[in-house]
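Colleague:
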């Protein structure tokens, strides 16, 4: 999830430079929701009664008829914001530059998390799976595990990166088109999703099921793209609304034509809630959304997203038999914060900065005229 | 060489305010128009289809692709009602000092009451001649006391007598919105959250009263929609009156909590998913108000939007009388897919006629 794109990139709208602080708050809330869903799910699977879940189920999930454990609220938010931010940055980059920058942003942290998770599974701790081989590691590094059942999945949340990467490829391919005719990529996106939904609807094996999953969730990112294009004035409001309705209907169609994907009844309404809140949050400029701790936390959401499951499941497995649930959860949350901070500081930021320095250096070298020898 | 004119910054073209009536801003015109369409679609097209057991491709498709996935029931009818209530609250809160004078307030209340009275009389007349109209609960014997009671909203508040105009409680809440906003006005400049908080507390009390006293259950059900009126005022206060957003969020959460608590408590509300519909209504309303731009202004200036917005009170109450009676008569000779659009046209004609007559009388 490229949750770290926006904090370093101001969102420019015609005539003024405008940083969308509201998205920082949305990222933080989304990361908390994703982590909550997984932790609450783990506790329920091991018969731990957690009051927080009971409270949220009664006060939020049931009245709003959301998915169990608020599923898709967090991921949906990340995907919509990602579609928005990526569409903005793509307007200023060449296709190759765009893909390389995204790769250097997302892959190092993913690879580190996958490797750490693999090592964790090799130990005799809670997540002990001695049968895991180097093949599992390689498969997870390149997300092959999601298409081939013989490989174990080390970082379950990484499936959303498949949706992201598919979107990136689409964006890269349509950058030249979009510069001349901004309406054309969204029109192509609607067509492509519609055709792919018709073509891929078998879940006989993991590969087709995963492909169907990616296609199902593509409209979510495309909705973020449409909000971005309308916001930046590249797409008329009416046209953007029409494309948005079509993308939403494709998302509904995906659910109507497949029993298992997406899993849960509430995806469509959650998506509408997320998109409308995204539109409203574009104008948020209050003290809360501008606070430095929200900005700081927002920058770490990608590493929280990646690392929380291996860290939380290991610690909860170790601590819940030995101590109270409150202490186990407190230690787990603290550990997730520390690990994600380390991943952010030691991997995400340095690698990306190194790449951007190298990129600038390469440009500077290319700009120096060569000596002709005369 | 002539100066390059393209470098000279041009001032933005002034946009004329929409001619939709004094004091009515373009987002409110759009919201009221959209809400009216939803109400007519939900409570005439959708409800008639369900009650008659007919199957319409449009209704079935919309239900499968929109209503069920979104979780918005009653064919968007209640969403429309909620949007209207939000608009009422927003408009009432934004009344100027002149508009809050007793005379003007009385006139505004009369303007809201008149459609109810006309609809009750028409419903009574229609029942007397044996026509089919939408009443709740389904008609048994209707006495003179029932007719008179409906003229003063009695069956909407006390007991379980027949309601000849089932949506008549919406104008009642709109009149309440006027009263509440006028009463809150003295504190508008300094501590607007105080009267809004008092309104919320009173609403909670009414909802509780409806549960505690079985005869007042109807009052409790109607009161569970009052939070929408308060939410409209909160939006106005945050957006146009400088109330801090966090106060608005707190009060708004309180309003939503009343709706959420009322849902499982009242059998009549249970499983209609109104807390979810409330969230959608508030979010859509906020988008309409916050993101209003040239498109919104263009829509608000359009004749259909202005017409729907200004006739919404008439359409709301006449749909159960004129709409249902016309549909029932027309379907005897025509297929529903033809009869329903014709009935909607007749409803619009009736609303226009009533609007013209009452406007002429007011002008006279």
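Protein chains in written order, with UniProt numbering: chain W, 1 to 374; chain H, 1 to 364. Note that CB positions come from ideal geometry on N, CA and C, so glycine has one too.
With 8 Å as the limit, tell me which residues of the segment 268-280 of chain W have their beta carbon closer than that to any beta carbon of chain H; keep them in chain order.
Modeller: Residues passing the 8 Å Cβ filter: 268, 269, 272, 273, 276, 277, 279, 280.
Colleague: Taking the alpha helix (DSSP H) that residue 24(W) falls in, what are its first and last residues?
Modeller: In the first chain, the residue the question calls residue 24(W) occupies position 24. Counting along the chain, the alpha helix (DSSP H) containing residue 24(W) begins and ends at 21-45.
Colleague: So, residue 22(W) versus residue 187(W), is the Cβ gap smaller than 7 Å?
Modeller: For the purposes of this step, residue 22(W) is taken as residue 22 along the first chain, with counting starting at 1. For the purposes of this step, residue 187(W) is taken as residue 187 along the first chain, with counting starting at 1. It is not a contact, given that the beta carbons lie outside the stated cut-off.
Colleague: State buried or exposed for residue 293(W), treating a residue as buried only when at least 16 other CB atoms are found within 10 Å of its CB.
Modeller: For the purposes of this step, residue 293(W) is identified with residue 293 of the first chain, where counting begins at 1. Exposed.
Colleague: Do residue 85(W) and residue 274(W) count as a contact pair if the criterion is CB distance below 7 Å?
Modeller: In the first chain, counting from the first residue as 1, residue 274(W) sits at position 274. In the first chain, counting from the first residue as 1, residue 85(W) sits at position 85. No. Outside cutoff.
Colleague: Given a cut-off of 7 Å, decide if residue 40(W) and residue 20(W) are closer than it, judged by their beta-carbon atoms.
Modeller: Along the first chain, read from residue 1 onward, the residue named residue 20(W) stands at position 20. Along the first chain, read from residue 1 onward, the residue named residue 40(W) stands at position 40. No; because the gap between Cβ atoms is not below 7 Å, this pair is not in contact.
Colleague: Quick one: list the residues of chain H neighbouring residue 65(W), beta-carbon separation under 9 Å, in chain order.
Modeller: As a first step, residue 65(W) is located in the first chain; it is residue number 65 there, counting from the start. Ordered by position in chain H, the residues that pass the 9 Å Cβ test against residue 65(W) are 71, 273, 275, 276.
Colleague: Quick check on DSSP: helix, strand or coil for residue 163(H)?
Modeller: Here residue 163(H) corresponds to residue number 163 of the second chain, with the count starting at 1. It is a strand residue.
Colleague: If we count the other Cβ atoms within 10 Å of its Cβ and call it buried at 16 or more, is residue 129(W) buried or exposed?
Modeller: Here residue 129(W) corresponds to residue number 129 of the first chain, with the count starting at 1. Flag for residue 129(W) reads exposed.
Colleague: Residues of chain W with CB under 7 Å from residue 65(H), in chain order?
Modeller: Along the second chain, read from residue 1 onward, the residue named residue 65(H) stands at position 65. Ordered by position in chain W, the residues that pass the 7 Å Cβ test against residue 65(H) are 249, 252.
Colleague: In three-state DSSP terms, what is residue 204(W)?
Modeller: By 1-based counting over the first chain, the position of residue 204(W) is 204. Coil.
Colleague: For residue 57(W), which beta-bridge partners are listed by DSSP?
Modeller: Numbered from its first residue, the first chain carries residue 57(W) at position 57. None; residue 57(W) has no bridge partner.
Colleague: Less than 7 Å between the beta carbons of residue 177(H) and residue 248(H), yes or no?
Modeller: Taking the second chain and counting its residues from 1, one reaches residue 177(H) at position 177. Taking the second chain and counting its residues from 1, one reaches residue 248(H) at position 248. It is not a contact, given that the beta carbons lie outside the stated cut-off.
Colleague: Could you compute how far the alpha carbon of residue 240(W) sits from the alpha carbon of residue 226(W)?
Modeller: Numbered from 1 along the first chain, position 240 holds the residue referred to as residue 240(W). Numbered from 1 along the first chain, position 226 holds the residue referred to as residue 226(W). Computed Cα separation, rounded: 6 Å.
Colleague: Residues in its own chain within less than 6 Å of residue 365(H) by CB, not counting five upstream and five downstream?
Modeller: The structure shown does not extend to residue 365(H), since chain H is modelled only from 1 through 364, so no value can be given for it.
Colleague: Tell me the DSSP secondary structure of residue 124(H) in three-state form.
Modeller: Here residue 124(H) is taken as the residue at index 124 of the second chain, counted from 1. The answer is helix: DSSP assigns residue 124(H) an H, G or I state.
Colleague: Is there a C-beta anywhere in chain W that falls below 7 Å from the one on residue 265(H)?
Modeller: Residue mapping note: residue 265(H) aligns to position 265 of the second chain, counting from 1. Taking Cβ atoms only, chain W never reaches closer than 7 Å to residue 265(H), which makes this a no.
Colleague: Relative to the alpha-carbon of residue 347(H), which residue among 320(H), 108(H), 334(H), 357(H) has its alpha-carbon at the smallest distance?
Modeller: Mapped onto the second chain, residue 347(H) falls at position 347. When only C-alpha atoms are compared, the closest one is 320(H).
Colleague: From the DSSP output, which residues share a beta bridge with residue 136(H)?
Modeller: Sequence index remark: in the second chain, residue 136(H) carries index 136 (1-based). According to DSSP, residue 136(H) bridges with 163(H).
Colleague: Can you tell which of 341(H), 312(H), 160(H) has the C-alpha that lies nearest to the C-alpha of residue 352(H)?
Modeller: Looking up residue 352(H) in the second chain gives position 352. The shortest C-alpha separation from residue 352(H) is found at 312(H).
Colleague: Just how far apart, CA to CA, sit residue 73(W) and residue 221(W)?
Modeller: Translated into the one-based positions of the first chain, residue 73(W) becomes position 73. Translated into the one-based positions of the first chain, residue 221(W) becomes position 221. Roughly 14 Å between the two C-alpha positions.
Colleague: Pop quiz: residue 268(W) and residue 269(H) are said to be a contact at Cβ under 8 Å. What is the actual Cβ separation, rounded to whole angstroms?
Modeller: Along the first chain, read from residue 1 onward, the residue named residue 268(W) stands at position 268. Along the second chain, read from residue 1 onward, the residue named residue 269(H) stands at position 269. Contact flag wrong, Cβ pair sits at about 23 Å.
Colleague: Do residue 276(W) and residue 287(H) have their beta-carbon atoms positioned less than 7 Å apart in this structure?
Modeller: Taking the second chain and counting its residues from 1, the one referred to as residue 287(H) is at position 287. Taking the first chain and counting its residues from 1, the one referred to as residue 276(W) is at position 276. Yes, the Cβ-Cβ distance between residue 287(H) and residue 276(W) is below 7 Å.
Colleague: Take residue 184(W) and list the residues in its own chain whose beta-carbon comes closer than 8 Å to its own, dropping the five residues that flank it on each side.
Modeller: Looking up residue 184(W) in the first chain gives position 184. Here the set comprises 174, 177, 178.
Colleague: Please report the distance separating the alpha-carbon of residue 346(W) from that of residue 196(W).
Modeller: In the first chain, the residue the question calls residue 346(W) occupies position 346. In the first chain, the residue the question calls residue 196(W) occupies position 196. Taking the straight line from one Cα to the other gives about 40 Å.
Colleague: Nearest chain H C-beta to residue 289(W) closer than 7 Å, yes or no?
Modeller: The count along the first chain starts at 1 and reaches residue 289(W) at position 289. Chain H, which has no Cβ nearer than 7 Å to the Cβ of residue 289(W), makes this no.
Colleague: Would you mind sorting residue 242(H) into buried or exposed? The rule is 16 or more other CB atoms within 10 Å of its CB.
Modeller: For the purposes of this step, residue 242(H) is taken as the residue at position 242 of the second chain. Looking at its Cβ environment, which holds fewer than 16 other Cβ atoms inside 10 Å, residue 242(H) is exposed.
Colleague: List the residues of chain W whose Cβ lies closer than 8 Å to the Cβ of residue 203(H), in chain order.
Modeller: The residue labelled residue 203(H) in the question sits at position 203 within the second chain. Those within 8 Å of residue 203(H) in chain W number zero; the least Cβ separation is about 17 Å.
Colleague: Would residue 215(H) and residue 144(H) qualify as a contact pair, given that the criterion is a beta-carbon distance under 7 Å?
Modeller: Numbered from 1 along the second chain, position 215 holds the residue referred to as residue 215(H). Numbered from 1 along the second chain, position 144 holds the residue referred to as residue 144(H). The answer is no: Cβ separation not under 7 Å.
Colleague: I want to know whether the segment 92-106 of chain H touches the segment 298-317 of chain H - three or more CB-CB distances under 8 Å.
Modeller: No contact exists between the segment 92-106 of chain H and the segment 298-317 of chain H.
Colleague: Measuring only the C-alpha atoms, how far is residue 294(H) from residue 355(H)?
Modeller: Residue mapping note: residue 294(H) aligns to position 294 of the second chain, counting from 1. Residue mapping note: residue 355(H) aligns to position 355 of the second chain, counting from 1. Distance between the alpha carbons of residue 294(H) and residue 355(H) is about 29 Å.
Colleague: Round the Cβ separation of residue 285(H) and residue 86(H) to the nearest angstrom and send it over; I've been treating them as touching at under 8 Å.
Modeller: Your numbering for residue 285(H) matches position 285 in the second chain. Your numbering for residue 86(H) matches position 86 in the second chain. So it is a contact: roughly 5 Å between Cβ atoms.
Colleague: Run through chain W and tell me which residues come within less than 7 Å of residue 291(H), C-beta to C-beta.
Modeller: On the second chain, residue 291(H) is found 291 positions in, with the first residue counted as 1. Those within 7 Å of residue 291(H) in chain W are 279.
Colleague: Is residue 403(H) buried or exposed, if buried means 16 or more other CB atoms sit within 10 Å of its CB?
Modeller: With chain H running from 1 to 364 in the structure shown, residue 403(H) is simply not present.
Colleague: For a contact defined as C-beta to C-beta under 8 Å, what are the partners of residue 279(H) on chain W?
Modeller: Working through the second chain from its first residue, we reach residue 279(H) at position 279. Simply 64, 273.
Colleague: Please check the pair residue 250(H) and residue 200(H), which I expect to be a contact at CB under 8 Å, by giving their CB distance rounded to whole angstroms.
Modeller: Position 250 of the second chain, counting from 1, holds the residue named residue 250(H). Position 200 of the second chain, counting from 1, holds the residue named residue 200(H). No, residue 250(H) and residue 200(H) are not in contact; Cβ-Cβ is about 10 Å, not under 8 Å.
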